[in-house]
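> Structure below; questions to follow.
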Amino acid sequence: ERDIKKLLGAIQTTTDRSILDRQSFLPAIYHLSALVAQDVGDSKMAESYFKMALTTDPNDAAIYSDFGVYYYEGDKQSSALEMYEKALKLNPKHYQARLNRDGILIDKNPTETIKDLRELAENASAPSGIRGDAYATLA
Numbered sequence: 342e343r344d345i346k347k348l349l350g351a352i353q354t355t356t357d358r359s360i361l362d363r364q365s366f367l368p369a370i371y372h373l374s375a376l377v378a379q380d381v382g383d384s385k386m387a388e389s390y391f392k393m394a395l396t397t398d399p400n401d402a403a404i405y406s407d408f409g410v411y412y413y414e415g416d417k418q419s420s421a422l423e424m425y426e427k428a429l430k431l432n433p434k435h436y437q438a439r440l441n442r443d444g445i446l447i448d449k450n451p452t453e454t455i456k457d458l459r460e461l462a463e464n465a466s467a468p469s470g471i472r473g474d475a476y477a478t479l480a
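With our numbering applied, the sequence shown has no gaps in its numbers, which climb one by one up to 480 at the end.
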């Protein structure tokens, strides 16, 4: 854990950001840093990196979806739902964001959510793991 925090600190304080910016690596580095910080339990750092990732690339549905997971795990369902909706607005075929959104909405709007989950479960173009999770949510 100490090595991971050291790595995150090095990324945060790197002096040659022009290399990262020029090669468009910065959003991916911030996104990955957010996931690592979340994994080691540093919520404040994770949130900060998610925000930096979205600042550098506000059109990446995967960042919004993962930020939604972060909020969901922190018992902030309305913020998680907002992130999933933003991910789906950018990429309507972002199956993980759709499944996660439906997991929140199943109790609030069961009729529409069950319909959406059935459609997702039967969608041959969705990854099999997503289809299986949709079936499991319906069970």
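Just so you know, even glycine gets a beta-carbon here, dropped at the ideal spot from N, CA and C. Nothing here was measured: the structure is a model prediction, and the numbers come from that model.
1) Taking the CB atoms as reference points, tell me whether Leu440 and Ile404 lie closer together than 9 Å.
2) Could I get the ranges of all uninterrupted alpha helix (DSSP H) runs contained in the segment 366-424, with 4 residues as the minimum, in chain order?
3) Return the Cβ separation of Tyr390 and Ser406 in integer angstroms, given the expectation that the two are a contact with Cβ distance under 8 Å.
4) Our contact map puts Ala402 next to Leu431 with C-beta atoms below 8 Å; I'd like the distance itself, whole angstroms only.
5) DSSP three-state label for Asp443, please.
6) Looking at Ser466: is its Cβ nearer than 9 Å to the Cβ of Lys434?
7) Beta-carbon within less than 6 Å of Tyr476's beta-carbon, same chain only, minus the 5 sequence neighbours each way: which residues are those?
8) Where do the N-terminal and C-terminal ends of the alpha helix (DSSP H) with Glu460 fall, by residue?
9) Consult DSSP for Lys434 and reduce its assignment to one of helix, strand or coil.
10) In three-state DSSP terms, what is Ser466?
11) Take Ile455 and list the residues in its own chain whose beta-carbon comes closer than 7 Å to its own, dropping the five residues that flank it on each side.
On the basis of the coordinates in this document:
1) no
2) 367-380, 384-397, 402-414
3) Rounded, the Cβ-Cβ distance is 15 Å, inconsistent with contact.
4) 4 Å
5) helix
6) yes
7) Ala462
8) 451-462
9) coil
10) coil
11) Leu479
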